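Below is one structure, written out as structure tokens; comments come after it.
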Amino acid sequence: DGIGQLLTGLTRRLQALSTSSPELEALHGIAEMALNDVRQLSRLMSPTILDDLGLKPALNWLCRNLLSDEDIEYHTEITVPPDLPKDISTLLFRIAQETLVNAIKHSEATNLTLSISYHHHVIRLDILDNGVGFDSKAIEPGIGLSSIRDRAEAFNATLEIDSAVGQGTRTTVTVPV
């Protein structure tokens, strides 16, 4: 909220001043872009759709929001129990979000499948892309991958990332419910 309010104030001041200078008009445009980015980030960080509609619509929204402008075709297959605990839904949403962002940044994928299945009190999230892949033994885990591992460990979930150069990547999280 604080950053958004500061940027809103800044954009309004710059808009008022922009008539006097092309440089200020350019700064106003930059501040507007920053404000829009902060608003989008805020929506992704606190997706009310998860609370309002549940995990399946939230994940479909996430895929549409992140992948539609990236030339990545995607398919979702999501089956979750209606009484899935909120903390498990949030965990799966956050891991999917980080995995999709990693795919956009690094994979060069053109196709991605996100699936969630539920069997015998276990939820399984699979995200498979057809990207360039990587050598999992040679890569240094960044903040995103570390975040995924930490989240999975906190819920006693298992995380498997299968990838090879030229073979795409499969991320699988299995969570006991």
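Numbering (the numbering used here), first residue to last: 156 to 332.
Note that the Cβ used here is the ideal one computed from N, Cα and C, for glycine as well.
Just so we're clear, the structure is a prediction, and the values are computed from it rather than from any experiment.
Distance, residue j Cα to residue i Cα
| i | j | result |
| --- | --- | --- |
| THR324 | ASP238 | 30 Å |
| LEU217 | GLY288 | 22 Å |
| GLY209 | SER270 | 15 Å |
| ASP290 | LEU255 | 19 Å |
| THR326 | GLU308 | 15 Å |
| ILE298 | THR231 | 26 Å |
| ASN257 | SER175 | 43 Å |
| THR234 | ARG168 | 49 Å |
| THR151 | PRO236 | No answer is possible for residue 151: it lies beyond the span of the chain, which begins at 156 and ends at 332. |
| GLU228 | HIS261 | 16 Å |
| LEU300 | ARG306 | 10 Å |
| HIS275 | GLN322 | 31 Å |
| GLN170 | GLY159 | 16 Å |
DSSP bridge partner residues for residue i (one or two, in chain order)
| i | result |
| --- | --- |
| ILE316 | THR326 |
| GLU232 | SER270 |
| LEU283 | THR268, ARG325 |
Residue from the options whose Cα sits closest to the Cα of residue i
| i | options | result |
| --- | --- | --- |
| LYS241 | THR265, GLY159, PHE310 | PHE310 |
| THR166 | MET188, PRO177, SER175 | MET188 |
| SER318 | ASP206, ILE233, LYS292 | LYS292 |
| THR265 | ASP226, GLY297, ILE233 | ASP226 |
| GLU263 | GLN160, ASP284, HIS275 | ASP284 |
| LEU267 | HIS275, TYR273, GLN195, ALA251 | ALA251 |
| PHE248 | HIS274, ILE204, GLU178, LEU162 | ILE204 |
| ASP379 | LEU162, HIS274, ILE303, LEU300 | Outside the modelled stretch of the chain, which goes from 156 to 332, sits residue 379, for which no answer is possible. |
| ILE282 | GLN322, VAL320, ILE316 | ILE316 |
| ALA213 | ASP224, THR245, GLU228 | THR245 |
| VAL332 | LEU190, ARG279, VAL320 | ARG279 |
| SER302 | ILE259, GLY321, VAL330, GLU253 | GLU253 |
| THR329 | GLY321, VAL277, ARG304, VAL320 | VAL277 |
| GLY286 | ILE158, ARG194, ILE259 | ILE259 |
Within-8 Å CB hit, residue i to chain C
| i | result |
| --- | --- |
| THR327 | Of the protein chains in the structure, only one exists, and it is not chain C. |
Complete alpha helix (DSSP H) runs within the stretch 236-281 (minimum length 4 residues, chain order)
241-257
Are three or more beta carbon pairs between the stretch 183-190 and the stretch 218-228 nearer than 8 Å?
no
Please go through the stretch 161-223 and give each complete alpha helix (DSSP H) segment of 4 or more residues, from N-terminal end onward.
177-200, 203-208, 210-222
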